[in-house]
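Let me begin by presenting the structure, written as structure tokens, before commenting on it.
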Amino acid sequence: LAIGYLAHLVTLPPNHLAGVAYRDSVQVARDGLSCWLSDLYYALSHLPVPVLMSMTSLTPDGIDDVKHRLNASCSTWIRNKIVSMSERLPLIQGRVKHAVSGSLQPTAMKLRPYLRVPVPAHRKALTRLLLSSHSLGIELLRYRERLRPPIPRHATLCRLCLLDVESEAHSLLGWSVPALADLRRSFLMDIFFSLPTIPQQ
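With my numbering applied, the sequence shown corresponds to residues 34 to 234, in that order.
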């Protein structure tokens, strides 16, 4: 919002009251004194991925450049956080998008297909599964609870089969309980019927 307001202020004519106040703020900031513009400069330069804004390039083009670099900063920070939480977020690692050049580029901020699932309960369930906000053992047992200490990942065995870690991938693809296996088989048959080009192996 502050960057957008700044982009508006730099286009105002010299006799506009807000424009006069803006130019005063620029001078105050250049003098090294405190004002909203110097606060904005400080906030940008102290982000986890800093964005530098020059007081000498406060033009429409210069502010557009700051906007682009701010978006890149946010995207880089989110991508770094996802990578640093690789054990907790295995299903959203390595996300890429097709660039204009045709190459694949890593991307963290993008509207994903699961966010367009029309049934709210299904959309929330998928999102919680992908972001490790679910009730599977791998997530619930990592925290201390009353008299129980945290349980290491390798020891959070599946409550149904006791054969593997109760992870997101195991719950989707590995559960061998007959009722769940039948549901999974039925679901995959529907998918393969609707999208025959999907490999079935």
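Glycine residues also receive a C-beta, built at the ideal position from the N, C-alpha and C atoms. Bear in mind the structure is a predicted one, so any value in this text is a computation, not a measurement.
Burial state of residue i (16 or more Cβ within 10 Å)
i	result
Thr-230	exposed
His-101	exposed
His-203	buried
Ile-96	buried
Val-133	exposed
Ser-165	buried
Ser-90	exposed
Ile-171	buried
Ala-76	exposed
Leu-228	exposed
Ser-200	buried
Alpha-carbon spacing of residue i relative to residue j, whole angstroms
i	j	result
Val-152	Leu-162	16 angstroms
His-131	Lys-143	12 angstroms
Leu-137	Arg-128	9 angstroms
Arg-218	Tyr-147	21 angstroms
Leu-174	Thr-189	7 angstroms
Met-86	Ala-54	19 angstroms
Tyr-176	Ala-158	21 angstroms
Gln-233	Leu-216	17 angstroms
Leu-66	Thr-44	24 angstroms
Leu-122	Leu-42	42 angstroms
Asp-72	Arg-63	12 angstroms
Ile-184	Leu-34	44 angstroms
Pro-139	Leu-169	28 angstroms
Residue from the options whose Cα sits closest to the Cα of residue i
i	options	result
Leu-80	Cys-107, Asn-113 and Trp-69	Cys-107
Gly-37	Pro-93, Ser-117 and Ser-168	Pro-93
Cys-191	Met-118, Ser-209, Leu-159 and Thr-140	Ser-209
Trp-110	Ser-90, Val-82, Thr-89 and Glu-120	Val-82
Cys-194	Val-59, Asn-113, Ser-117 and Ala-214	Ala-214
His-187	Val-116, Asp-197 and Pro-46	Asp-197
is_contact[residue i, chain D] using C-beta, thresh 7 angstroms
i	result
His-49	The structure shown has no chain D; it contains just one protein chain.
_Completely contained alpha helix (DSSP H) runs for the stretch 76-145, where each covers 4 or more residues_ = 93-117
_Residue ranges of each alpha helix (DSSP H) within the stretch 146-200, 4 or longer_ = 153-163 and 170-173
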